[in-house]
Amino acid sequence: APGRRRSRMSKLDIVREKVIDPITAPARKRQQARIERQKELNITFGEQDTVDVLSYAGLEENIDHLNIDGVYMRTLYISGYPFVASSGWMDSLINFNHDTDISYHVHEVSALSALPKLHRKITELESTKRAMMRAGKIVGSEITDPLESAIELRDKIQRGQEKLFQMSIYICIRAESLEELNKITKLLEATMSARLFYSKVARYQQLEALQSILPRAEDQLDQKRNLDSSSAALTFPFMSSELVQESGILYGVNKSNNSLVILDRFSLHNANSITFAQSGAGKSYTTKVEILRQLMQGTRVIVIDPEREYKRLTESVGGTYIKLSAKSKQKINPFDLATTFSKASDLSEHTQDLMEVIGLMAEGLTSREKAAVDKTILKIYKQAKKKQPLLEDLYAELHKLGQLKLCEKLEKYISGSLANVFNAQTNIELDNRLVIFDIKDLPESLRQIMMLIISNFVKNQVMAKPEKRLLIIDEG
9 APGRRRSRMS
19 KLDIVREKVI
29 DPITAPARKR
39 QQARIERQKE
49 LNITFGEQDT
59 VDVLSYAGLE
69 ENIDHLNIDG
79 VYMRTLYISG
89 YPFVASSGWM
99 DSLINFNHDT
109 DISYHVHEVS
119 ALSALPKLHR
129 KITELESTKR
139 AMMRAGKIVG
149 SEITDPLESA
159 IELRDKIQRG
169 QEKLFQMSIY
179 ICIRAESLEE
189 LNKITKLLEA
199 TMSARLFYSK
209 VARYQQLEAL
219 QSILPRAEDQ
229 LDQKRNLDSS
239 SAALTFPFMS
249 SELVQESGIL
259 YGVNKSNNSL
269 VILDRFSLHN
279 ANSITFAQSG
289 AGKSYTTKVE
299 ILRQLMQGTR
309 VIVIDPEREY
319 KRLTESVGGT
329 YIKLSAKSKQ
339 KINPFDLATT
349 FSKASDLSEH
359 TQDLMEVIGL
369 MAEGLTSREK
379 AAVDKTILKI
389 YKQAKKKQPL
399 LEDLYAELHK
409 LGQLKLCEKL
419 EKYISGSLAN
429 VFNAQTNIEL
439 DNRLVIFDIK
449 DLPESLRQIM
459 MLIISNFVKN
469 QVMAKPEKRL
479 LIIDEG
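Adding 8 to a residue's 1-based position in the sequence shown gives its number in the numbering used here.
Right, dumping it as structure tokens:
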């Protein structure tokens with residue numbers, strides 16, 4: 009049996025050598041070649057090989073910079089801080105508009121370790137102060153300020169109000185050339201010194217500085233400075249200076265960090281704003297852009313236009329253009345303010361608005377005239393039935409009360425050339441999404457009166473039907 013088995017195995021070996029090997033040899037050679045190539049290229053999934061693949065090709069270390077694959081890098085550290093910390097004191101560094109990396113290393117110092125050091129520091133400063141006083145020298149702020157600060161910090165740590173931290177801040181600058189690197193370095197130093205920060209280049213330690221910048225939490229430079237917890241909190245880098253609200257409109261670009269400014273003014277407690285700029289700076293253009301964007305958000309916009317600058321805009325979006333002048337057929341009744349009052353307090357508020365209008369028309373009211381106007385306004389509203397009272401109704405009642413001097417001032421608005429402007433029933437509606445009031449053809453002396461009447465009319469309409477509206481008064 010054993011001899012027969014050996015005979016059978018030898019036959020199989022012959023078959024493998026003569027038949028199978030010639031067929032499989034090319035494939036085996038190709039596989040072996042691939043294995044050899046992989047060994048030569050060292051492309052495997054081992055840890056060291058991955059590091060080799062990710063590593064830079066070469067590094068040149070100099071006194072104050074590194075050159076890594078043609079990129080020049082320089083690391084600086086903060087060597088001194090302002091005496092008083094304030095909110096946003098690191099903004100100039102965070103928003104520095106160049107290619108930089110910033111690394112923070114923060115370590116808490118226990119109270120048991122911090123208090124003895126503070127005691128020693130206070131003792132040293134007090135000793136120096138006494139020595140200077142004995143010598144008849146003036147004790148300057150370089151002694152008194154640190155002493156007061158150390159005493160205050162010691163007391164707060166003892167009361168548990170503050171903690172002490174050791175902080176290192178490193179800034180790594182990158183540039184395409186050494187000249188550019190030097191230029192950016194000077195700019196960064198100037199920016200930091202303007203905020204009373206002092207920075208230094210890590211000379212002869214650029215490689216250690218690079219290791220400290222990398223996200224490995226290794227502070228090889230070890231350039232620590234002591235900060236209390238309040239000051240350390242103010243260095244938090246993610247206090248965003250961006251203003252982006254999901255429901256807002258685009259207003260522009262933040263110059264400090266090139267982020268978009270997207271604001272919803274109606275989300276604020278007070279949505280009012282005012283635009284100041286020199287002539288030709290683009291006030292009207294900016295306002296028109298906001299109008300278009302507010303319309304896209306569904307806001308109804310009303311504009312008082314004294315210079316006829318918004319007519320084309322109105323036509324382009326299908327708005328309502330209302331021209332108010334002595335010849336105009338479109339009218340606003342100043343007394344149409346109170347069409348929606350439902351409480352005595354509402355009528356009282358509208359009465360005050362009307363008194364302001366009458367005061368402008370009469371170029372001022374005496375105390376007696378104010379009392380008469382107030383009484384008369386309430387009376388004519390009580391007498392009014394279907395239609396709203398007119399200015400002529402007020403005039404007639406004032407005449408009955410013997411307010412002849414006041415009536416003389418108001419007469420031109422009742423029966424003179426301005427009767428069609430201020431003594432007529434309202435025949436306009438604010439039902440369009442964009443309404444423009446053109447008052448260019450009114451004399452300068454009447455524009456302020458008309459602006460006030462329009463503002464009060466719009467206010468009254470908003471009270472009647474509350475919805476998102478924007479009233480723009482262009483002062484021209």
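Positions of the beta carbon are idealized from the N, C-alpha and C atoms, including for glycine.
Q | Close beta carbons around E377, own chain, < 6 Å, minus the five adjacent residues each side | A | L414
Q) Does the separation of the CB atoms of L251 and L271 fall below 7 Å? A) yes
Q) On the three-state DSSP scale, how would you describe K467? A) helix
Q: Assign A65 to one of three DSSP states: helix, strand, or coil.
A: coil
Q. Can you pull the DSSP bridge partners for D163?
A. None, per the DSSP bridge assignment.
Q.
Taking DSSP's pairing of strands, which residues face F173 in a bridge?
A. E116, L235
Q) Sorted by chain position, which residues of the same chain lie with C-beta nearer than 6 Å to T52's C-beta, five sequence neighbours on each side aside? A) Low confidence applies to T52: its pLDDT is 48, below 50, so where it sits in the model is not reliable enough to give any reading.
Q.
Which of the three DSSP states is assigned to Y259 in this structure?
A. strand
Q: Counting only the same chain and skipping the five closest in sequence on each side, list residues whose C-beta sits under 7 Å from that of A158.
A: L126, K129, I130, L133
Q.
So for N428, helix, strand or coil by DSSP?
A. helix
Q | Endpoints, beta strand (DSSP E) assigned at K491 | A | In the structure as shown, the chain begins at 9 and stops at 484. Residue 491 is therefore absent and cannot be evaluated.
Q: Could you say which of I257, V147, G256, N280 lies nearest to L478 if we only look at CA atoms?
A: N280
Q | Option in D446, Q286, G306, L196 with minimal Cα separation from T328 | A | D446
Q. Under a Cβ-count criterion, where at least 16 other Cβ atoms within 10 Å of its own Cβ denotes burial, should M304 be classed as buried or exposed?
A. exposed
Q) The alpha helix (DSSP H) spanning N278 covers which residue range? A) Careful: N278 lies outside any alpha helix (DSSP H) and carries neither H nor E.
Q: State the DSSP-derived secondary structure class of D77, mapped to helix, strand or coil.
A: coil
Q.
According to DSSP, is A346 part of a helix, a strand, or is it coil?
A. Any reading at A346 must be qualified, since the residue scores a pLDDT of 47, below 50, and its modelled position is unreliable; no value is offered.
(Q) Please state whether the Cβ-Cβ distance between I457 and L368 is less than 7 Å. (A) yes
Q: With DSSP as the reference, label A334 as helix, strand or coil.
A: coil
Q.
So the candidates are I385, L373, D344, M98; which of them puts its Cα closest to the Cα of K394?
A. D344
Q: Using 10 angstroms around the beta-carbon of N266, count the other beta-carbons present and answer buried if the total reaches 16, otherwise exposed.
A: exposed
Q | Spatial distance of G54 from R211 (CA atoms) | A | For G54, the predicted model reports a pLDDT of 48, less than 50, meaning its position is unreliable; a value from the coordinates is still stated below. Spanning the two alpha carbons is a distance of roughly 36 Å.
Q.
Within a Cβ cutoff of 6 Å, which residues of the same chain sit near G372, ignoring the five residues on either side of it in sequence?
A. none
(Q) Quick test of your reading: L172 and A241, contact by CB under 8 Å. State the CB separation rounded to the nearest angstrom. (A) Contact doesn't hold; Cβ gap of about 13 Å is too wide.
Q: Give the DSSP bridge partners of A183, in chain order.
A: Y80
Q) From L258 to Y403, what does the alpha carbon distance come to, in whole angstroms? A) 49 Å
(Q) By the three-class DSSP mapping on this structure, what secondary structure does V147 have? (A) coil
Q. In whole angstroms, what is the alpha-carbon distance linking R308 and T283?
A. 20 Å
Q. Which first and last residues belong to the beta strand (DSSP E) in which K420 is found?
A. From DSSP, K420 is part of no beta strand (DSSP E) but of the alpha helix (DSSP H) over 412-422.
Q) Taking the C-alpha atoms as reference points, what is the distance between Y421 and N428? A) 8 Å
(Q) With a threshold of 8 Å, are at least 3 pairs of Cβ atoms found where one atom belongs to the region 432-449 and the other to the region 313-331? (A) yes
Q.
Assess contact between the region 137-150 and the region 65-80, defined as three or more Cβ pairs (one per stretch) separated by less than 8 Å. Is contact present?
A. no
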